[in-house]
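**Student:**
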Amino acid sequence: MKRTLGEIARHLGGTLVGDEGLEVQGVNALDLAGPEEISFYSDPRYRRALEKTRAGALITAERLDDFRGAQIVVDNPGLAYTLAAGLFAPAVPRFPGVSHDAFVHESATLGEGVSIYPRAYVGAGAEIGDEVILFPGVFVGDRVRIGAGSVLYPNVTVLGGCLLGRNVILHAGTVVGADGFGFVRDGARSVKVPQLGIVQIDDDCEIGANSCIDRAAFGKTWIRRGVKTDNLVQVGHNVVIGEDTIIVAQAGISGSVKVGREAIIGGQVGIRDHVEIGDRVMIASQSGVAKSIPEGRIVSGSPTMPHRVWLKTTGLIPRLPRLFDRLRTLEKRVETLEQDMRER
Amino acid sequence: MKRTLGEIARHLGGTLVGDEGLEVQGVNALDLAGPEEISFYSDPRYRRALEKTRAGALITAERLDDFRGAQIVVDNPGLAYTLAAGLFAPAVPRFPGVSHDAFVHESATLGEGVSIYPRAYVGAGAEIGDEVILFPGVFVGDRVRIGAGSVLYPNVTVLGGCLLGRNVILHAGTVVGADGFGFVRDGARSVKVPQLGIVQIDDDCEIGANSCIDRAAFGKTWIRRGVKTDNLVQVGHNVVIGEDTIIVAQAGISGSVKVGREAIIGGQVGIRDHVEIGDRVMIASQSGVAKSIPEGRIVSGSPTMPHRVWLKTTGLIPRLPRLFDRLRTLEKRVETLEQDMRER
Amino acid sequence: MKRTLGEIARHLGGTLVGDEGLEVQGVNALDLAGPEEISFYSDPRYRRALEKTRAGALITAERLDDFRGAQIVVDNPGLAYTLAAGLFAPAVPRFPGVSHDAFVHESATLGEGVSIYPRAYVGAGAEIGDEVILFPGVFVGDRVRIGAGSVLYPNVTVLGGCLLGRNVILHAGTVVGADGFGFVRDGARSVKVPQLGIVQIDDDCEIGANSCIDRAAFGKTWIRRGVKTDNLVQVGHNVVIGEDTIIVAQAGISGSVKVGREAIIGGQVGIRDHVEIGDRVMIASQSGVAKSIPEGRIVSGSPTMPHRVWLKTTGLIPRLPRLFDRLRTLEKRVETLEQDMRER
């Protein structure tokens, strides 16, 4: 598939410097792009790649004098480039219609244009929206509802009663709606607390591969519109994640945590149960959150502290041995002084 | 399904204050329960929810004067509530019998009342106990034995030769019996150590979603009765976990570790290989365990220290910059003193 | 299956002390081995097990006077033992041929002697090499190529276009080729960056269960020959892992990281995006890597420091409360001295 630079510039709302009839056949990184591809430049870290690039055209925030090819100048090159890539990206491959090797319960409802691969399973009373794609090995439990345009990649499990909005993407191996981790001790033994709620994932969410989002004990675990998670993320029962929040790989969020909107939770972060994370909070990777965090804060460490404090302290840890030495030396000097003082 | 308060009070062995013929149709959290539901109160954190609850009845440890509905007074409201919830909890949905879309090897043995969904696989010589449920996508390897009443959720894998006891629950996507991680270096290359053992999971265990329990190099990796793990937990080869121990999400237990009974291993904890964790040890989340821990200890940190020491130290970390300043100031003052002393 | 000691000694290139016609029927650990089994001894930690072992023969680095059975003396007992175990290890169980319950696209190419279990899925244009085994629930996407001798365990997902070399092992539940985690903000909203590249896994790699290796944004995420990963490992888009590197369970490697050859990355380690890890670097478990690490370094901590520094500092953390006390005491003593000095 080829597109002209004029077509692309219009799609991006950018200013074209160069031949608008020139055709490119794809997007690529600076160091990989060839003369028939368009790339982008915005980060000075890639200055050297820019000098050597063979790209035929470039998306950029300001006109670059030392680049000879065509340029499309835009406000936000990263975003523009992403939109350009979308013009060329291959569609998710669809099985034509409903495979006769899939299991679809007779009481399930299927929308227009659904693609159900062999070996998918759709339970009783499930409702599958228009254009939904269910890959092989997908399990859709009884009474699950999936909104239009959603894609469930291979071996995804969505257990009974859970709700997915429109344009939700669940990557391979992810489990939605397993029982929350709730037990009550009866002496030494653990008695299972029935997990009676569901998971609700709203429109435009994307959940990474092999992640787990547990069903609520009551009511719902709620992933709100536009949340994106990376792989191997754990979300406990009754958690609420606010709109447009981002959760990086291997983070774990304990039961009943509430996270605000547009927050960023770093990789391998752990958040203890029942705390509240405000809107736009940023939590550095590997942090351990033991207390609620007000809106807009940036925190690091385990347990967390303000990020600017963490920046000051973290370099001091390797200097602790020297600190102990200095303190010991000082104690001796003071002792000598005290002795001298007494002897006068 | 409705149940009378009298019926529930008898089931819980509690004292009913109110009309024993009153019917409720479910359990629910204080803030969600309606007039036809029963809730519970035991934690003062929920005092405000108690004041506003619309619940028709309450399970509680002592009679509450300011609650107008019926009350069932019990010793342990959390446990009682859990048992009450069990009265209303829907059963795990069963496929009627053995689906003709499942693969069951001719040499496998099936107990009474098994439920084998479409797309499950049962290998040669496997023995499936009475009332077992195998969801779609479950793989049961050759010679695997599964005790009565166990439930394997979708896309669970149990590899050849592994043994599951009675009433074991494996949540979706969990892998039991993958090869332990064992290699010997031959120069730079890694030579695989054959993993010849099995995994044995005893009665009443519950393993969270997308977890991994590796087979032993020899003998067995052994999960003993009543162990409960959360999601995304890693258990290495030849590990033994004692009865009724609880392991929270994303914890990782390296090879040949022995954990005692009734221990609690927090979320994202890492335990190095070959150490021993005593009975009833509690390990705080994100801890890193590098040494064995005697019975009954409570530890935190990476590497771990006694929890009470950790409580004292952890608040000091953010004060390190100030500590370094104070030390530097003190050094100058001592230098001044020494100079003064010499000059006299 | 039985083998004579003579046969085993020749296979290992070792020196036999004892009856070369003696037959053993397997290998086992010192404490589990019986008279018809061969074990090995090399680590003094197992001295007591050696004294009590009932093993009929032993692989050892030097002749042991206090062991009465036969001995095979070799340079590297661990490696020799592993090779001996390989003589007895059962082969991976093969489904005979291609199950008619598998889905194989008509345009896929199958090599000689492939074993494709029921419920496996092979997409359009896929090329499956000789002797490859695809277990139930495996998904092989369109145009995927898998080299000869590779084994994909149950419920593994390999998405479209990815390349696996020869003798690659993917353990159960692992996902290769899910989209990398890339978004660009458009105001608060996250716009998905199309992930147009692939994953390439070279010969002799082994990837643990329920791991995730994401496809590149462009070009490829590249796992080079002989890499071994444990379970639940996360590898982000565009990462390159050098030959023979080892990655322990639950480690996470962010996008565009380059790891050299023969490195060892400990359990639960996190590595931030775009850093470079040199050849033969060793990273202790739970470390957090925020900066590039030159060849051959050994590091620990979060953030990382040289391991020898970490060894010195880590024991000091629990002594911080006492340090603060000593500093306070010293400040008072200095104040007293200063006062004394002024009063003279």
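Residue numbers (our numbering), protein chains in the order written: chain X, 1 to 344; chain C, 1001 to 1344; chain Z, 2001 to 2344.
No residue lacks a Cβ here, since even glycine has one placed at the ideal position from N, Cα and C.
Could you say if the segment 1167-1186 of chain C and the segment 1144-1158 of chain C meet the contact criterion of at least three C-beta pairs nearer than 8 angstroms?
**Tutor:** Short answer: they touch.
**Student:** With a 10 Å radius around its C-beta and 16 neighbouring C-beta atoms as the bar for buried, classify V92 of chain X as buried or exposed.
**Tutor:** Result: exposed.
**Student:** Could you check the C-alpha separation between G1180 of chain C and S1256 of chain C for me, to the nearest Å?
**Tutor:** About 10 angstroms.
**Student:** Please state the DSSP three-state secondary structure of D2186 of chain Z.
**Tutor:** Reduced to three states, the DSSP call for D2186 of chain Z is strand.
**Student:** For G2226 of chain Z and C2162 of chain Z, I'd like the C-alpha separation in whole angstroms.
**Tutor:** Cα-Cα distance, rounded: 18 angstroms.
**Student:** In whole angstroms, give me the CA-to-CA distance for I2133 of chain Z and P2096 of chain Z.
**Tutor:** In a straight line, the C-alpha of I2133 of chain Z is about 10 angstroms away from that of P2096 of chain Z.
**Student:** I want to know whether the segment 6-20 of chain X touches the segment 66-83 of chain X - three or more CB-CB distances under 8 angstroms.
**Tutor:** Short answer: they touch.
**Student:** Decide if the segment 291-303 of chain X is in contact with the segment 2303-2312 of chain Z; the criterion is three or more beta carbon pairs, one per stretch, under 8 angstroms apart.
**Tutor:** Cβ pair count under 8 angstroms is below three, so no.
**Student:** Who are the near neighbours of F2067 of chain Z in its chain, counting only those whose CB is closer than 6 angstroms to its CB and skipping five residues on each side?
**Tutor:** Closer than 6 angstroms at the Cβ level, and outside the excluded window around F2067 of chain Z, lie L2058.
**Student:** State whether the segment 235-242 of chain X contacts the segment 2187-2205 of chain Z, with contact taken as three or more CB pairs (one from each stretch) at a distance under 8 angstroms.
**Tutor:** Verdict: no, contact absent.
**Student:** Using 9 angstroms as the threshold, is the C-beta distance between T1221 of chain C and E1206 of chain C below it?
**Tutor:** Taking 9 angstroms as the Cβ cut-off, T1221 of chain C and E1206 of chain C do not qualify as a contacting pair.
**Student:** Is there a C-beta anywhere in chain Z that falls below 9 angstroms from the one on Q353 of chain X?
**Tutor:** With chain X covering only 1 through 344, there is no way to say anything about residue 353 of chain X.
**Student:** Could you name the residues of the segment 2219-2245 of chain Z whose beta carbon sits closer than 8 angstroms to any beta carbon of chain X, in the order they occur along the chain?
**Tutor:** Answer in chain order: G2219, L2232, Q2234, G2236.
**Student:** Apart from the five residues on each side of it in sequence, which residues of its chain come closer than 6 angstroms, Cβ to Cβ, to G1149 of chain C?
**Tutor:** Counting only Cβ-Cβ distances below 6 angstroms, and skipping sequence neighbours, we find E1131, R1166, N1167.
**Student:** Hey, quick one: how far does the beta strand (DSSP E) through L2058 of chain Z stretch, first residue to last?
**Tutor:** Where L2058 of chain Z is concerned, the enclosing beta strand (DSSP E) stretches over 2057-2060.
**Student:** Report yes or no: is there a C-beta of chain X within less than 9 angstroms of the C-beta of D1142 of chain C?
**Tutor:** No, D1142 of chain C does not count as interfacial toward chain X.
**Student:** For E62 of chain X, which of X:T53, X:R145, X:R54, X:G78 has the nearest alpha-carbon?
**Tutor:** That would be X:G78, whose Cα lies nearest to the Cα of E62 of chain X.
**Student:** Between L2196 of chain Z and A85 of chain X, how many whole angstroms is the CB-CB distance? I'm expecting something under 8 angstroms.
**Tutor:** 7 angstroms between Cβ atoms; contact.
**Student:** Only counting the same chain, and skipping five residues up and downstream in sequence, which positions put a Cβ closer than 6 angstroms to that of T2109 of chain Z?
**Tutor:** E2127, listed in sequence order.
**Student:** Name, going along the chain, the residues of the segment 1039-1061 of chain C whose beta-carbon falls closer than 9 angstroms to a beta-carbon of chain X.
**Tutor:** Answer set for the segment 1039-1061 of chain C: R1045.
**Student:** Can you list, in chain order, the residues of its chain whose CB lies under 6 angstroms from that of A2049 of chain Z, leaving out five sequence neighbours each side?
**Tutor:** Excluding positions up to five away in sequence, the list reads L2030, D2031.
**Student:** Classify G278 of chain X as helix, strand or coil using the three-state DSSP reduction.
**Tutor:** Correct three-state label for G278 of chain X: coil.
**Student:** Less than 9 angstroms between CB atoms is the rule here; does I2008 of chain Z satisfy it with respect to chain X?
**Tutor:** Cβ-Cβ to chain X under 9 angstroms: no for I2008 of chain Z.
**Student:** Determine, using beta carbons only, whether R2119 of chain Z comes closer than 9 angstroms to chain C.
**Tutor:** Yes - at least one Cβ of chain C is within 9 angstroms of the one on R2119 of chain Z.
**Student:** Would you check if the distance between the CB atom of V2281 of chain Z and the CB atom of V2248 of chain Z is smaller than 9 angstroms?
**Tutor:** Their beta carbons are not under 9 angstroms apart, which means V2281 of chain Z does not touch V2248 of chain Z by this criterion.
**Student:** Beta-carbon within less than 6 angstroms of I283 of chain X's beta-carbon, same chain only, minus the 5 sequence neighbours each way: which residues are those?
**Tutor:** Around I283 of chain X: I265, G266, V269, V299.
**Student:** Give the straight-line distance between the Cα atoms of A1178 of chain C and I1213 of chain C, rounded to the nearest whole angstrom.
**Tutor:** Spanning the two alpha carbons is a distance of roughly 7 angstroms.
**Student:** Given G1137 of chain C, which residues of its chain have a CB within under 8 angstroms of its CB, disregarding the five upstream and five downstream residues?
**Tutor:** Excluding sequence neighbours, G1137 of chain C sits near R1119, A1120, P1154, N1155, V1156.
**Student:** I'd like to know whether the C-beta atoms of G2123 of chain Z and G2160 of chain Z end up nearer to each other than 9 angstroms.
**Tutor:** The answer is yes: Cβ separation under 9 angstroms.
**Student:** Once DSSP output is grouped into helix, strand and coil, what is the label at V1114 of chain C?
**Tutor:** Coil, per DSSP.
**Student:** When DSSP builds the beta bridges, which residues end up paired with P1306 of chain C?
**Tutor:** Per DSSP, C:V1299.
**Student:** Using 10 angstroms around the beta-carbon of T2082 of chain Z, count the other beta-carbons present and answer buried if the total reaches 16, otherwise exposed.
**Tutor:** The residue is buried, with at least 16 neighbouring Cβ atoms inside 10 Å.
**Student:** Which residues in chain X have a C-beta closer than 7 angstroms to the C-beta of D2186 of chain Z? List them in chain order.
**Tutor:** The answer, in chain order, is L79.
**Student:** Could you pull the start and end residues of the beta strand (DSSP E) that Q2200 of chain Z belongs to?
**Tutor:** Counting along the chain, the beta strand (DSSP E) containing Q2200 of chain Z begins and ends at 2198-2201.
**Student:** Looking at C-alpha atoms only, which residue of Z:E2007, Z:L2012, Z:A2033 is the closest neighbour of G2021 of chain Z?
**Tutor:** Comparing Cα-Cα distances from G2021 of chain Z to each of Z:E2007, Z:L2012, Z:A2033, the minimum goes to Z:E2007.
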